[in-house]
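Numbering (the numbering used here), first residue to last: 678 to 1173. All C-beta atoms in this analysis are idealised placements derived from N, C-alpha and C, irrespective of residue type, glycine included. First up is the structure itself, then whatever we jot down about it.
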């Protein structure tokens, strides 16, 4: 069986490499045709670098420009504000000042006004009002009138517009979290320390613009824990190693931007329409691969900085090669958002009598609205819901007589059956990601060429490659479960 597994691994690596190389070659003239999307790359590579991803450009420049704010915060909270109440007050005041320095007083006031509005509404003790405010706010944020508001607020720079939008999106989720958690906990004390805690949670700097999302109750527990725990020299060393580990991936990503022009090319479907199948497959894989790396870095750096302050945020995405099932991808890509959806949408829906599939549909609908609900996002959300629903149905069928017989098959046969069953699922999951990460035109091109208009022999070839990919994903997942060789695991062990 080990020879068979090596064949699967070899086929998968060779196929992915060939597709990515073909995609890179198809884009070799792209910097000359669309120079505005590119900038000077590393000199020794003698290639242009894709700089069209505004999210990456703004957030990385933000860290480079304002790193000293985070350093001062870490030093002050560890040396001068170790008591919980003093730390809360410092965080609240310092975060407001830092936010004003980064985005200006106008945007900061808008953020603070929304926190105040949700705080006042949660005082009624009615969770339904808090949910209503969140839903209405989400719709308004993506309405054309909201763009008029941004013009009225004189937000014109592309950088500030992006930070305003992304900061507000995270803030809406955090405000619902603190409102619901405080109502559930029946916290009726509203002193300075209490308000400081809410402000600290909403404006916590390492994760304010980048995520990941953490529930209010979990954050509150982490903050209270800090008064009992001190940052030892061993933890400082481990946290420094972890930060350097995350920063190393920044250079990997920057290197890949010299070859993988997936961000820029996604704006030009007329060029993608002329790609051959290998290049199109390369684009289809490059989009989620680069997205995974980007958020592995952003979540990882935010998490590593927060560790210096004794706060553990949700981990960065799990290895992309393990995500052949939609449910696994959504559980472990953005772990914080998944736990947020589970706590504030999915479980409450189950409590009022909705079935699992209906509750999941509401979660995916929320994700679609949160991201703007354009055509590509809606198609991706519907596809993801169908894929997760199919997993629920498959799990239910596994308890039937036939399902139990399949479970009793020898492990090798059972693994082949599961991989074969998951192969179409894996293909549709990749296409769903491509819709989400590009636009309707690119997603439709990939769907048409890969599935709808595919000839029998190329389609069979694709199924064989993705079948090998499923086996690789299953094996990598099993390996991680047996021996979790991750930096998060090492850091957690270092605390004990």
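TODO: Measure how close the beta-carbons of residue 962 and residue 769 come, nearest whole angstrom, since I'm counting them as under 8 Å.
DONE: With a Cβ gap of about 44 Å, residue 962 and residue 769 do not count as contacting.
Task: residue 1024 beta carbon less than 8 Å from that of residue 981 - done: no
Task: With 16 other Cβ atoms within 10 Å as the buried cut-off, status of residue 1061 - done: buried
Open item on the list: Suppose you measure from the CA of residue 1143 to the CA of residue 1080; what does that come to, to the nearest Å?
Closed with: 24 Å
Task: Member of 1156, 1158, 1141 whose CA lies at the smallest distance from the CA of residue 684 - done: 1141
Open item on the list: Let me make sure I understand the geometry here. Which of 948, 929, 794 has the alpha-carbon closest to that of residue 974?
Closed with: 929
- [ ] Check the C-beta distance from residue 798 over to residue 892 and give it rounded, since I have them as a contact under 8 Å.
- [x] Incorrect: roughly 19 Å between the Cβ atoms, too far for contact.
Open item on the list: What does the alpha-carbon distance come out to for the pair residue 1155 and residue 763?
Closed with: 45 Å
Task: residue 1122 to residue 706 span [Cα, whole Å] - done: 21 Å
- [ ] Hey, could you find the ends of the beta strand (DSSP E) residue 968 is sitting in?
- [x] Residue 968 -> not in any beta strand (DSSP E); alpha helix (DSSP H) instead, spanning 954-984.
Open item on the list: Please give me, in chain order, every unbroken run of the alpha helix (DSSP H) with length at least 4 that falls completely inside the region 872-931.
Closed with: 882-885, 893-902
Open item on the list: With the cut-off set at 8 Å, would you say residue 979 and residue 1087 are in Cβ contact?
Closed with: no
Task: C-beta contact flag for residue 1114 and residue 968 at 8 Å - done: yes
TODO: Report the partner residues of residue 717 according to the DSSP bridge assignment.
DONE: 725
Task: DSSP three-state assignment for residue 937, whether helix, strand or coil - done: coil
Open item on the list: Please state the DSSP three-state secondary structure of residue 742.
Closed with: helix
- [ ] Give the C-beta separation of residue 736 and residue 886 to the nearest angstrom, bearing in mind that I take them to be a contact with Cβ-Cβ under 8 Å.
- [x] 6 Å
Task: residue 875 beta carbon less than 8 Å from that of residue 796 - done: yes
Open item on the list: By alpha-carbon positions, which one of 1051, 1065, 1053 ends up nearest to residue 1039?
Closed with: 1065
TODO: Could you tell me if residue 780 is buried or exposed, where buried requires 16 or more neighbouring beta carbons within 10 angstroms of its beta carbon?
DONE: buried
TODO: Could you please give the first and the last residue of the uninterrupted alpha helix (DSSP H) stretch that includes residue 807?
DONE: 804-818
TODO: Could you check which residue in 788, 987, 964, 743 has the C-alpha nearest to that of residue 941?
DONE: 964
Task: Three CB pairs or more closer than 8 Å across the region 1017-1032 and the region 1087-1107 - done: no
Open item on the list: Quick check on residue 688: does DSSP put it in helix, strand or coil?
Closed with: helix
Task: Status (buried if at least 16 other CB within 10 Å, exposed otherwise) for residue 760 - done: exposed
- [ ] Look at the Cβ atom of residue 738, then the Cβ atom of residue 883, and state whether they are nearer than 8 Å.
- [x] no
Open item on the list: Just verifying my parser: in three-state terms, what is the DSSP assignment at residue 944?
Closed with: coil
- [ ] Pair every Cβ in the region 797-813 with every Cβ in the region 860-869, then say whether three or more of these pairs are closer than 8 Å.
- [x] yes
Task: Through-space distance from residue 700 to residue 727, alpha-carbon basis - done: 14 Å
Task: Proximal residues to residue 995 (C-beta, below 6 Å), its chain only, five neighbours per side dropped - done: 1009
Open item on the list: Only counting the same chain, and skipping five residues up and downstream in sequence, which positions put a Cβ closer than 6 Å to that of residue 836?
Closed with: 735
Task: Close Cβ partners of residue 950 (< 8 Å) along its chain, the five nearest in sequence each way excluded - done: 1122
TODO: If I'm right that residue 873 touches residue 765 with Cβ under 8 Å, what's the distance once you round it to whole angstroms?
DONE: 4 Å
- [ ] For residue 935, collect the residues of the same chain with a Cβ closer than 6 Å to its Cβ; drop the 5 residues on either side in sequence, then sort them by chain order.
- [x] 718, 722, 724, 726
Open item on the list: Within 10 Å of its beta-carbon, does residue 1027 have 16 or more other beta-carbons around it, so buried, or fewer, so exposed?
Closed with: exposed
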